[in-house]
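Following: one structure in C-alpha cells, then a few remarks.
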Amino acid sequence: MKHGIHLTKTEIAVLALALLFAVGMLLYRGGRTGDGAWQVTTQKNAGQEETITAVNVNTATVEELIGVEGIGPTLAERIVEYREEHGPFQSVEELDNVKGIGPSLIENIRFLVCVEDEQ
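Numbering (our numbering), first residue to last: 201 to 319.
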C-alpha cells in the first residue's frame with residue numbers, strides 16, 4: 201500500500217494559486233509616495249526596479265487613463281463619462297459598472313489605478 205498525500209484537482213488548483221500569489225507578493229511592493237499617490241515597485245532583472253504610480257480614476261483625464269495598460273481610448277472615455285454621470289468611484293471594483301470592463305481587466309489593472317484623492 202502506498203502512502204502519501206492525495207489531493208483533488210481543486211486542492212491542487214488552490215495551492216497553485218496560493219503559490220502564484222506568494223511569488224507575486226515577493227515581486228511587487230505597493231505603497232504611497234510622499235505626495236500621497238499610490239505606487240507599485242516591481243523587481244525586474246538583477247535588482248533593477250521599475251516604479252509605477254497608480255492613476256486616480258476619479259481625477260484622471262481620458263489621456264491619463266489611456267496610459268494605463270489595458271485601457272484604450274474607448275474605455276477611457278466610458279470611465280470619464282460614468283464618473284461624470286454617477287460621481288466618483290468608491291472602489292476599483294466599481295469599474296465593473298463601466299461597459300467593457302469586467303473582473304479580469306480589473307484584476308489586471310488593480311495596481312495601476314486607485315480611487316483615493318491625493319493627499
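Ideal placement from N, C-alpha and C gives every residue a C-beta, glycine not left out.
Q. Quick one: Cα of V257 to Cα of V214, how far?
A. 32 Å
Q. By the 10 Å Cβ neighbour count, where 16 or more other Cβ atoms means buried, how is I301 classified, buried or exposed?
A. buried
Q | Proximity winner among K299, E277, N297, relative to E263 (alpha-carbon distances) | A | E277
(Q) So, at 8 Å on beta carbons, what are the nonlocal neighbours of P273 in its own chain, with the 5 sequence-adjacent residues on each side left out? (A) V262, I266
Q | Same chain only: Cβ atoms within 7 Å of P303, ignoring 5 sequence neighbours per side | A | D296
Q. In angstroms, rounded to a whole number, what distance separates the CA positions of E269 and E293?
A. 17 Å
Q | Nonlocal neighbours in the same chain, by C-beta distance under 6 Å from F289, ignoring five residues either side | A | V257, N258, V315
Q) For S291, which option in K299, E281, V280, I306 has the closest C-alpha, if you only look at C-alpha atoms? A) I306
Q. If you drop the 5 nearest sequence neighbours on each side, which residues of the same chain put their C-beta closer than 8 Å to that of L207?
A. L215
(Q) Can you tell me which residues form a DSSP beta bridge with T261? (A) None, per the DSSP bridge assignment.
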